[in-house]
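Trainee:
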Amino acid sequence: MKKFELILSSPDETLEFAGKLGERLFPGAVLLLEGDLGAGKTTFTKGLAKGLGVRRTVNSPTFTIIKEYQGRLPLYHMDVYRLGDSFEDLGFDEYFEGEGVSVVEWAHLIEDQLPEERLELSLYHYGNDARRLVVQPVGRRYEQLCEEIVE
23 MKKFELILSS PDETLEFAGK LGERLFPGAV LLLEGDLGAG KTTFTKGLAK
73 GLGVRRTVNS PTFTIIKEYQ GRLPLYHMDV YRLGDSFEDL GFDEYFEGEG
123 VSVVEWAHLI EDQLPEERLE LSLYHYGNDA RRLVVQPVGR RYEQLCEEIV
173 E
């Protein structure tokens, strides 16, 4: 599988890149977002939301697990960090197979629930404000998406 790597030099650059990605996302898109605390996962999701035409303020769903936003496509922003073993009752497959875009922070914690095809994004600290973004598409639709936006 092909991996793409970018250096985003500031939060504004992170928002801009994520916004371009959000403009090109399709119904049923699933994005897995990994990174240390403070790496910029919520900032990235804010950019995606802007690209999807979401007008509401986007913030971390840490204590609510899932936040929904309306835009060109619905955005389902999930943070599964605090879930424990109760995740099977939440019906993730209904979100993943629906008409919206699902963004899952800490997705490795629900690996068994994730769809086979998805876009895996990992953010790493890279100096003060810069971030290294590693993007791994899994599935042809995501490979095409990456070819459009990254190269």
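This note's numbering runs 22 ahead of the 1-based position in the sequence shown. Positions of the beta carbon are idealized from the N, C-alpha and C atoms, including for glycine.
(1) Please name the residue or residues paired with Val160 in a DSSP beta bridge.
(2) Under a three-way DSSP split, which group does Lys89 fall into?
(3) Return the first residue and the last residue of the beta strand (DSSP E) that Phe48 is part of.
(4) Is Glu127 helix, strand or coil by DSSP?
(5) Which residues in the same chain have their Cβ closer than 8 Å to the Cβ of Glu38, if we skip the five residues on either side of it in sequence?
(6) Identify the residues that DSSP records as bridge partners of Tyr146: which are they?
Mentor: In short, the structure shows the following:
(1) Answer is Arg140, bridged to Val160.
(2) Lys89: strand per DSSP, three-state reduction.
(3) Here Phe48 belongs to no beta strand (DSSP E), and DSSP marks it neither H nor E.
(4) When secondary structure is reduced to three states using DSSP, Glu127 falls in the strand class.
(5) Once the five neighbours on either side are set aside, the close Cβ partners of Glu38 are Gly69.
(6) Arg154, per the DSSP bridge assignment.
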